[in-house]
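The structure under discussion appears below in the form of structure tokens.
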Amino acid sequence: MPNYLILYVPVIHQGYIELLKNWAPKTEILYIIGEDIIADFPLDKRELRRINPETMMSLVKGLNLFSNVQILNKADITNIQNAHIVMANETISHTLKEKYFDKQNITVEFTTIFLRWDEKTVQSQTPVESDTKISTEDFDRQIMQSAFTEADKSADWFRQVGSVLIKDGQVIATSYNQRQPSPQSAYAEGDPRNYVPLGTNTHLRLTIHSEQAVIAEAAKKGLSTEGADLYASTFPCPDCAAVIAHAGIKRCFYGEGYASLDGAKIFKSHGVEIIMVQPVLETVK
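All letters in the sequence shown, in the order written, are residues 119 to 403 by the numbering used here.
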């Protein structure tokens, strides 16, 4: 039974090279996932560093590791039969397995080497403490949906977060995390977050977090945040928790967990109520 390596390769870095070197002696064909498949993954298409599959195929061939390198498009998938497939452990791979290969009874092995941040790896989360309140109210779910909609506007590859400020039952400001001085600056100049473990040292960044941006937006409009509610798609980091608390916000609603939860201690010390909104509407996900 032949071995096929199927990869989404948006960039070339040492992680990809090590994976390719490891599997080249054991692989008959390297398939690079094609553009019509990538089109089904809008979050991945947003990656500004991404090299198109045809160009990437030429680059990979230049490494002289594989005798056979091809582009895998949707029309080619059904031609794969009686093979053992190796894929990276990421969202695109799992989706292809479930959508195509499971139906064809093809064995898929996932290699665990870290290649890039994607939906699966970025959203590695730790639950907030168990005494957190949970809301299933329609109003809270609708506002949280708005926070996730804001998050989708972010061009930040590392994490996309959206926030909504509510006062007296009305939306007074919305925002999302934004790279500074421009959305593309990290791609042109590099990013300090590349060298920082997820959920740590949140001050080392070139980004204004959505919670800080939404409070700044309210200030620009001359609107008081005293007694307001803040809805964040992801639980705030400690830096944002401090800003939220000192802005007089009394309740913080969130939709998803976060890898660094020191913000919960800050909220509790300032009397800010923490409320998780569940379930997040299907249209959000």
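C-beta atoms are modelled at their ideal positions from N, C-alpha and C, and glycine is treated no differently.
According to DSSP, simplified to helix, strand and coil, what is Asn121? strand
With DSSP collapsed to three states, give me the class of Leu181. coil
Contacting residues, own chain, Cβ-Cβ under 7 Å from Thr254 (five flanking each side not counted): Gln396
Cβ-heavy atom distance, Thr352 to the ligand MN, below 7 Å: As far as ligands go, the structure on display features none, and thus does not contain the ligand MN.
Taking the beta carbon of Met394 as the centre, do at least 16 other beta carbons fall within 10 Å, making it buried, or is it exposed? buried
For Asn295, count neighbouring Cβ atoms within 10 angstroms of its own Cβ and tell me buried if that reaches 16, exposed if not. buried
Give the secondary structure of His364 by DSSP, where H, G and I count as helix, E and B as strand, and everything else as coil. helix
Assuming Tyr372 and Phe353 make a contact with CB atoms under 8 Å, what is their CB distance in whole Å? 4 Å
If you drop the 5 nearest sequence neighbours on each side, which residues of the same chain put their C-beta closer than 6 Å to that of Val129? Arg167
So what does DSSP say about Val282, is it helix, strand or coil? strand
Pairs of beta-carbons, one from the region 264-284 and one from the region 345-361, closer than 8 Å: are there three or more? yes
Can you check whether the CB of Glu344 is closer than 8 Å to the CB of Arg369? no
With a threshold of 16 other CB atoms inside 10 Å of the CB of Met205, please say whether the residue is buried or exposed. buried
Look up Tyr218 in the DSSP assignment and say whether it is helix, strand or coil. Helix, per DSSP.
Do Tyr218 and Gln188 have their C-beta atoms closer together than 8 Å? no
DSSP state of Phe353, grouped into three classes? coil
Burial state of Asp220, where buried means 16 or more other Cβ atoms lie within 10 Å: exposed
State yes or no: is the C-beta of Leu190 within less than 8 Å of the C-beta of Gly133? Not a contact, by the Cβ cut-off of 8 Å.
Which value, in whole angstroms, describes the spacing of the CA atoms of Met174 and Glu335? 41 Å
Identify every run of the beta strand (DSSP E) within the region 246-275, keeping only runs that are complete inside it and at least 3 residues long; order them along the chain. 251-253
Answer yes or no: do Ala346 and Gly381 have a C-beta to C-beta separation smaller than 8 Å? no
What do you get for Pro143, buried or exposed, if any count of 16 or more other CB atoms within 10 angstroms of its CB means buried? exposed
Start and end of the alpha helix (DSSP H) containing Leu137? 132-141
Alpha carbon of Leu125 to alpha carbon of Ala365, nearest angstrom: Cα to Cα, the separation comes out at about 46 Å.
Evaluate Thr79 with the Cβ neighbour count: other Cβ atoms within 10 Å of its Cβ, from every protein chain shown; 16 or more gives buried, anything less gives exposed. Given that the chain is displayed from residue 119 to residue 403, the structure contains no residue 79 and the question cannot be resolved.
Assign Arg311 to one of three DSSP states: helix, strand, or coil. Because the pLDDT of Arg311 is 48, which lies under 50, any placement of that residue in the model is unreliable, and the number read from its coordinates should be weighed accordingly. Helix at Arg311.
For Lys215 and Val282, what's the separation of their Cα atoms in angstroms? 36 Å
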